[in-house]
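In the working numbering, the protein residues as written are 557 to 841.
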């Protein structure tokens, strides 16, 4: 009997290992595919100049700036709203049908296709609120897109904090607000940042929401206000790959754009992970 259990355990172990290695292999294959085809066009001019000659020459600097602006704008809106919403749901709201309904709706919103958010953003921010195709309209739309993810990850991070910390703080006379601010949030912060990391990855790669609210087909200049349009790497990549003036000639530029987009996501995730590790070390010794 013991030998049978050991054999089954070994089989499951190797199955799980094979599946993990398959995921790693797929990731490496994708990265190799992009890097091998895009590294040849990466140079200083490509990163610092505007597109030229039907976007087959020049650089992608306006698209890089536009992408970073949209990432920052969406998270400035979504992160505090998502965190405060999760705090209210987990720390203040009593268990019941209303809370269950709100959690269900949040989970459903997380699964809504991004094109739906794009249409909603166009109807509300572009047309109804008269923002037009602009950075603020695109940022708010992307913020709504990742808001459910931030709420759910923050709520789970708060749930993971041991109740003994809360009880000890209350026992020492601290108020609920003080306990949340000084005890619960610092402990949960590393896991909250995980939601931020996931949000950065999703925001940086979305095309449909910005297509309806902010992205310009060709705009070789930098924005001057939040009511300006911008180029963005995901939409620029889509244009180069599908509807440029010379698709075959622009293909290396498309792969270079994809590589830059991947590097931006990687770099921002590294920064977020460094911050996460710092707070994890500080508060979870």
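Virtual Cβ for every residue (Gly too), placed ideally from N, Cα, C.
Note that the coordinates shown come from a computational prediction; the quantities given were computed from them, not determined experimentally.
- Non-local C-beta neighbours of residue 605 in its own chain, meaning closer than 7 angstroms and more than five positions away in sequence, comprise 614, 615, 617, ordered along the chain.
- Contact annotation: residue 813 and residue 751 have beta-carbon atoms that are not nearer than 8 angstroms.
- Taking a contact to require three or more Cβ pairs closer than 8 angstroms, the region 757-774 and the region 698-712 qualify as touching.
- As far as DSSP is concerned, residue 615 takes part in no beta bridge.
- In this structure, 721 is the residue among 747, 721, 727, 676 with its C-alpha nearest to the C-alpha of residue 736.
- Nearest Cα to residue 602 within the set 640, 682, 810, 588: 810.
- Rounded to the nearest whole angstrom, the CA to CA distance from residue 795 to residue 634 is 28 angstroms.
- Residue 786 has 771 as its beta-bridge partners, per DSSP.
- Rounded to whole angstroms, the Cβ separation of residue 825 and residue 756 is 7 angstroms, and the two are in contact under 8 angstroms.
- Note that the C-beta distance between residue 717 and residue 744 is below 8 angstroms.
- The criterion of a C-beta distance shorter than 8 angstroms is not satisfied by residue 681 and residue 666.
- For residue 648, the closest C-alpha among the options 632, 711, 771 is that of 711.
- Contact between residue 815 and residue 594 holds: CB atoms are separated by about 4 angstroms, below the 8 angstroms threshold.
- Between residue 772 and residue 759, the C-beta spacing is not below 8 angstroms.
- Its chain contains 687, 688, 690, 691, 692 as the residues whose beta carbon lies nearer than 8 angstroms to that of residue 783, once the 5 sequence neighbours on both sides are disregarded; these appear in chain order.
- Going by beta carbons, residue 793 and residue 778 fall outside the 8 angstroms limit.
- Annotation note: the region 696-753 contains the following uninterrupted alpha helix (DSSP H) runs of length 4 or greater, listed N- to C-terminal: 719-727, 732-735.
- Taking the Cβ atoms as the reference, residue 836 lies roughly 4 angstroms from residue 746, within the contact range of under 8 angstroms.
- Taking a 10 Å sphere around the C-beta of residue 703, we find 16 or more other C-beta atoms and assign the residue as buried.
- The criterion of a C-beta distance shorter than 8 angstroms is not satisfied by residue 806 and residue 619.
- In the structure shown, residue 808 adopts helical secondary structure according to DSSP, grouped into three states.
- Annotation note: the region 584-643 contains the following uninterrupted alpha helix (DSSP H) runs of length 4 or greater, listed N- to C-terminal: 600-604, 617-643.
- In terms of CA proximity to residue 770, 627 leads the group 808, 663, 658, 627.
- Here DSSP, grouped into helix, strand and coil, assigns residue 681 to helix.
- Assigned with DSSP and collapsed to three states, residue 813 falls in helix.
- Rounded to the nearest whole angstrom, the C-alpha separation of residue 660 and residue 587 is 36 angstroms.
- Judged by DSSP secondary structure, residue 653 falls within the alpha helix (DSSP H) whose first and last residues are 653-666.
- Contact between residue 714 and residue 740 holds: their C-beta atoms lie close to 6 angstroms from each other, under 8 angstroms.
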